[in-house]
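Trainee: First to last, the sequence lines map onto chains A and B. Each residue of the first sequence is one higher than the one before, counting from 475 in our numbering. Each residue of the second sequence is one higher than the one before, counting from 475 in our numbering. Here a beta-carbon is modelled for each residue, glycine too, at the ideal position from N, C-alpha and C. Just passing along the structure, written as structure tokens.
2 protein chains.
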Amino acid sequence: MAVNPDLQKERAAATFDTEKLTAVLYGGKKMVQRRRYLHNIIFEDKYMNSFKPWWNRSRIEQYETAIKKGAYMNKLIKDLNITDFLEQSYLKEAGSNHEGQPMGVHQSMFIPTIEKLGTNEQKAKYLEPAKQFKIIGTYAQTEIGHGTYIRGLETTATYDPQTEEFVINSPTVSSIKYWPAALGSTCNHVVLMAQLYSRGVCHGMHAFILQIRSMKDHRTLPGISAGDIGNKIGFNAVDNGFLKFDNVRVPRNSLLSRYAKLERDGTYIPPENPRIAYGTMVFIRSLIVGACAKSLSQALVIATRYSAVRRQTEIRPGGEEPQVIDYQTQQEKLFPLLSSAYAFLFSGTVMLKEYFRINADIDKGILDEMAALHGLAAGLKAFSAEVASNGVDKLRMACGGHGYTHASGIPKIWTYMTPTCTYEGENTVMYLQCARYLVKQYAQAASGQTLVGFMSYLNNPVKQRSSLNDSLSMVDLIEAYEHTAVRLIKVAASKIQSLVKGGLPIEEARNRCGVSLVVAAKAHCHAFVVKLFASVVKQPEIDPAVARVLVTLCKLYAVYGINQRLGEFMQDGFLDGRQADIILNKTLTLFAEIRPNAVALVDAFDYPDQILQSCLGRYDGNVYEALYEYAKTSPLNEKEVQDSYYTTLKPLMEGTLKFDAAPPSKL
Amino acid sequence: MAVNPDLQKERAAATFDTEKLTAVLYGGKKMVQRRRYLHNIIFEDKYMNSFKPWWNRSRIEQYETAIKKGAYMNKLIKDLNITDFLEQSYLKEAGSNHEGQPMGVHQSMFIPTIEKLGTNEQKAKYLEPAKQFKIIGTYAQTEIGHGTYIRGLETTATYDPQTEEFVINSPTVSSIKYWPAALGSTCNHVVLMAQLYSRGVCHGMHAFILQIRSMKDHRTLPGISAGDIGNKIGFNAVDNGFLKFDNVRVPRNSLLSRYAKLERDGTYIPPENPRIAYGTMVFIRSLIVGACAKSLSQALVIATRYSAVRRQTEIRPGGEEPQVIDYQTQQEKLFPLLSSAYAFLFSGTVMLKEYFRINADIDKGILDEMAALHGLAAGLKAFSAEVASNGVDKLRMACGGHGYTHASGIPKIWTYMTPTCTYEGENTVMYLQCARYLVKQYAQAASGQTLVGFMSYLNNPVKQRSSLNDSLSMVDLIEAYEHTAVRLIKVAASKIQSLVKGGLPIEEARNRCGVSLVVAAKAHCHAFVVKLFASVVKQPEIDPAVARVLVTLCKLYAVYGINQRLGEFMQDGFLDGRQADIILNKTLTLFAEIRPNAVALVDAFDYPDQILQSCLGRYDGNVYEALYEYAKTSPLNEKEVQDSYYTTLKPLMEGTLKFDAAPPSKL
């Protein structure tokens, strides 16, 4: 079908070359081509196209499809010798987008943990088989009653020096492992996080590797119960599972012993730096920033294209119904989130770079920046997940009623991304961890120390009033964010201090300042992202036309954010009512500036229809035809007349309906 | 199992009698008993308990179960002679809570529309059969390309005086009816909204009644295509459907002709007041306010009880992990929404009363308050739906990771309630309709007219500075809300006026002020709810201990709302920085005041476990046992080893996996 004329018009009117912006996003023209090449391998693959649409799969079919696709894509990756992490992810996003992959955790957590925490001997034993899928593993940490606070985990590994074995046990219902992916049906090995007991002493959480299902028939080994945790609002292709141990004995070398060790006689040798074990989690948190940006940008493609072809409500009586995107209220739903998506895409790239840089240092034993990375990753993970989860849902509703059907594609994106708010560290706990780091840094700055890197703004001289005016300079905007972040960190820090002086234990004082601490952490993350965005758009290698539109987006990101948190910027008089007016008016002006480029800005994310899987977000804009076709695939349309017509409706209408109570079915 | 001691302790510590508050919510002790009696009829019914759990039903099973339950409950209602609307809803909420009911629209829209718009002859022909389910109908308005803006609907009903018939047609893909419930498989009749053409003139949208499926075999009649629109994120028990006409002829008396009439020769006689046709929509919008409050309060029961039994992260090293509800950050997630739920429950009751009062007037031909009711219903529908949709999702996340599984019950509540943001009038359009009314009223007030009822605050004398202080009087709080609402209405109205003066057509001027208008409408609704809440808690018949806790909730509702929109209250200097500090500090003080009553406040909503269907929200607090039991019901646990192990995992591990591309399945 021909491209909808509204979309043609939008694309023709853009002030910049979409391809050039795409290149900025994906690290150059070559990478863009490579990404498309990898996508197309999947799109053109006969096997990958042989499954029925996901929106009609039963729970078991969802799982089975994911297993098959996963195995197949891993084979492709091997056959084509695709070794780069990013390239692998491009191939996979083309094939199992928003479905989740039961074997994903095997690659993202099981193997990396062995690599990070295993001795050379353990690596030799497990790594190669794991990479070749001779064994399949997961990472079993979360318990039914214990999540983010990992010191509270209850599973025990008690060393028995007599037999040189650990006894693994789930002492309570709340200690049952719950949630790990691949645990329900897929894996036969686990990295298990458990409290290590030796000689009657608890040495805290340690990682063990052990087998849970038979290599012969896949049944769970004696003393072990494992299964799926049941249906969820999404991620139903993944067998998140439970795991319960009844005093199961495993050999001493099950303890991953690169750092912490246990000698034959039960003597415990602690790691030099206990926080080192959390490296994998920091990595995943860094990845989440980019992943959230990706989900948000996919929902934006859908909602923006649909808003350009969707026409509703005549503005002038008798006139044509305008494109929905021409309503200021619709622009307010789309454009601020568009600016957030770009902000987080750039932040995600920077976070990963920082992770790899600092991680290389850690491998060399340089741990100076570990706390800074931990704090930043925690805060940004929470910040990007929160904005994206709320944002994707807002974009669903920006599509009106059609957003609610799976035909729109947005519910699937949302159910896939919203767990990032709770997994790998619950958001509020993450904000509080970030805030704790900020309060410490604030105390250092207050005591006269010069801070480096992205904390250096805590040393800025205190100013009473913003000089922000109609010219809307980025310097003034960044200053306003940093000023307000400093103020809010100070508010929280001073409050804690005064409560402690008043006799409260520090922990209780912190709790009584919880709300202020979260506010401070968000303000810090917000300021960090604004500044980062402003620095990215200034890069001299960016094409001038592209740079212009990015500057507009960056300004919108900054002014809209102030608008949303206006009270915080006004409370100490840093911004006044007149400046607040400027901020509101400029927001609307920036909407108008972005308007002609809106479709091009989402085209630049470069998500093909096969990834979006959306009737509303199609590149060609033929949304109504697609919705009608989608309807025809409904399971309820397989028969023209449902069985329930004969069993229920017909007798109801004829007044002859009888009700027999069958015994309740277990499932 | 025994009640969790944490919950026992919470209940014992409450400062008021839960039963007395429940009586306030449901209109007296007697109604509470009656409500419980009606619930228990369902809970103890053998037939109603004979179905497998909803979380494991396929799409078709969901639909069939809903049809059976619906037919059965309607029979119960008839047999037990339950005639009151509210009593019927209590029975139904016990039996099909959050599942949706395909035949609901038959009773809530199809029958009422015939009652409202049918002639006596039409009523005689259709009403009795409809009430006895001899015919089953739906209300077919929304089209694939047309939603809230009903004047844009494309379906045509063209009168042919030769045969005295209407020719019903769907001229385009975008004109296909899409979304009406019961259309997919259930109904055989529809009330159809279509553009009436006669003698070459379009007379706009009118309601027709016609048959679409055979009374003999349920197949669609010639020229008609109908079916289900496919799977959605929720409401999958309901067969939302599509409907397409290919020049189908129906007799002249298909036009519902109580108000608008068409004579044999094609002469059109318009209704006296064309807005009268929208009565049903206003009724549904009024209902939505209470429905949103209900969903929000159910999610609150779950999240609050779980927060009381869930323990996480020691506050003091080595100490017991505290109840999550003792974290200030958790209180911030729960308590403001708790205050909103009470606010909306009271608002919902008032809205229904107002509807019945004004509707009785309309029936008598008194139309004075129709516009006021329309504006209020539009605004409050949007406001309550927005707060509840975001709120229920926030409460899901307040349950950590467990919120995401259907075991928590919250995803089902959310997918059931979030469509209220778009159906029966998309929220933004509703805010704009409300704002348009406000701007008109503002102009009247500005021209010296004295306004009555809930608009009278527009006549308040303008004050420059709030006298709000540490004593936190409700008078000051209400004044702040009303002052800010007036200011924001004025900002929008003045802006429109100045754009019009500058030469812009009024419609375009309104669009350029869209964001300001929505802000104004929200401010108005917020002020309305605060004032209403404050007046309810002052009712002298409320028990003093209950009144005290309601006053606390009401204050929290007011101060937290200011906190969230602080900039709006500060922008003109009405509140200053010092007062903003008071607001923030009081919020935290109020959290502490509510804390001991939190569990009792959600108990008072009086939702039995059978309605909540939540492992986390159980009255007895035994959440972990329940989660473990839930897990065991997973479809993936029916077999210990999945088929896909043999077809895929085993060969993968053995290195013998082959991939055969089957031809793609259509479904």
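(1) Is it buried or exposed for A:G1095, if we count other Cβ within 10 angstroms and need 16 for buried?
(2) Hey, is A:S731's beta-carbon within less than 9 angstroms of any beta-carbon in chain B?
(3) Return the residues of the region 537-559 of chain B that lie within a Cβ-Cβ distance of less than 8 angstroms from chain A, sorted by chain order.
(4) Mind listing the chain A neighbours of B:L695? Cutoff is C-beta to C-beta under 7 angstroms, in chain order.
(5) Per DSSP, which residues does B:K503 bridge with? Please list them.
(6) Can you grab the Cα-Cα spacing for the pair A:R485 / A:A767, in whole Å?
(7) Could you tell me which residues DSSP pairs with B:A668 in its beta bridges?
(8) So the alpha helix (DSSP H) B:T1063 belongs to, where does it begin and stop?
(9) Alpha carbons only, please: which of A:K1012, A:L730, A:V1020 and A:N710 is nearest the one belonging to A:H572?
(10) Contact criterion: CB-CB distance below 9 angstroms. Does A:M1127 meet it with respect to chain B?
(11) Helix, strand or coil for B:V675? Go by DSSP, reduced to three states.
(12) Within 10 Å of its beta-carbon, does A:E538 have 16 or more other beta-carbons around it, so buried, or fewer, so exposed?
(13) Determine the contact status of A:F818 and A:F1065, defining contact as a CB-CB distance below 9 angstroms.
(14) Inspect the beta-carbon positions of B:P796 and B:R785 and report whether they are closer than 9 angstroms.
(15) Kindly indicate if chain A contains any beta-carbon less than 9 angstroms away from that of B:V903.
(16) In chain B, what lies closer than 9 angstroms to A:V989 by C-beta?
(17) Have a look at B:L730 and B:G592 and give me their C-alpha separation to the nearest angstrom.
(18) So B:F517 and A:Y521 are in contact, right, with Cβ under 8 angstroms, and what is the actual spacing, rounded?
(19) Closest Cβ-Cβ distance between A:A1105 and chain B: below 9 angstroms?
(20) Taking Cβ-Cβ distances below 8 angstroms as the criterion, which residues of the region 1090-1119 of chain A are in contact with chain B?
(21) For A:H880, go through chain B and note every residue whose CB falls closer than 8 angstroms to its CB, in chain order.
(22) Please report the residue range of the alpha helix (DSSP H) in which A:I551 lies.
(23) For A:Y829, I'd like the list of residues in its chain whose CB is within less than 8 angstroms of its CB, leaving aside the five on either flank, ordered along the chain.
(24) Should the region 640-654 of chain A be called in touch with the region 705-722 of chain A, which here means at least 3 C-beta pairs below 8 angstroms?
(25) Just to confirm the assignment: which complete alpha helix (DSSP H) runs, minimum length 4, are found wholly within the region 577-650 of chain B?
(26) CA-CA distance, B:V1011 and B:D867?
(27) With a cut-off of 9 angstroms, does the C-beta of A:V692 fall near any C-beta of chain B?
(28) Scan the region 592-615 of chain A for residues whose Cβ lies nearer than 8 angstroms to a Cβ of chain B and list them as they occur along the chain.
(29) Report the neighbours of B:P1046 on chain A: residues whose CB is nearer than 8 angstroms to its CB, in chain order.
(30) Cα-Cα, which of B:D1080, B:L1101, B:F682 and B:L932 is closest to B:T629?
(31) If contact is defined by three or more beta carbon pairs under 8 angstroms, each pair taking one atom from either stretch, is the region 959-971 of chain A in contact with the region 937-949 of chain A?
(32) Buried or exposed: where does B:Y1081 fall if 16 or more other Cβ atoms within 10 Å of its Cβ makes it buried?
(33) Which residues in chain A sit within 7 angstroms of B:S648, going by Cβ to Cβ distance?
(34) Which same chain residues, not among the five before or five after B:E981, have their C-beta less than 6 angstroms away from its C-beta?
(35) Touch check for the region 652-663 of chain A and the region 673-690 of chain A: three-plus C-beta pairs under 8 angstroms?
(36) Give a yes or no on whether the C-beta atoms belonging to A:V861 and A:L770 are separated by under 9 angstroms.
Mentor: To lay it out plainly:
(1) buried
(2) no
(3) Y537, E538, I541, K542, A545, Y546 and K549
(4) By Cβ distance, chain A contributes nothing, its closest Cβ being about 12 angstroms from B:L695, past 7 angstroms.
(5) None; B:K503 has no bridge partner.
(6) 23 angstroms
(7) B:H680
(8) G1051 to I1068
(9) A:N710
(10) yes
(11) strand
(12) buried
(13) no
(14) yes
(15) yes
(16) Q802, T803, Q805, E806, L1058, T1061, L1062 and F1065
(17) 5 angstroms
(18) That belief does not hold up - the Cβ atoms of B:F517 and A:Y521 are roughly 50 angstroms apart, past 8 angstroms.
(19) yes
(20) Y1098, E1099, L1101, Y1102, Y1104, A1105, K1106, T1107, S1108, P1109, L1110, N1111, E1112, E1114, V1115, Q1116, D1117, S1118 and Y1119
(21) G704, N705, K706 and I707
(22) R533 to D553
(23) V756, F757, S760, L847 and A851
(24) yes
(25) 585-591 and 594-605
(26) 28 angstroms
(27) It is His, not Val, that sits at residue 692 of chain A in the sequence shown. Yes, its Cβ sits closer than 9 angstroms to a Cβ of chain B.
(28) Q606, F607, K608, I609 and I610
(29) Note on residue identity: the sequence assigns Asp, not Pro, to residue 1046 of chain B. Per Cβ cutoff of 8 angstroms: G1051.
(30) B:F682
(31) no
(32) buried
(33) Y1098
(34) none
(35) yes
(36) yes
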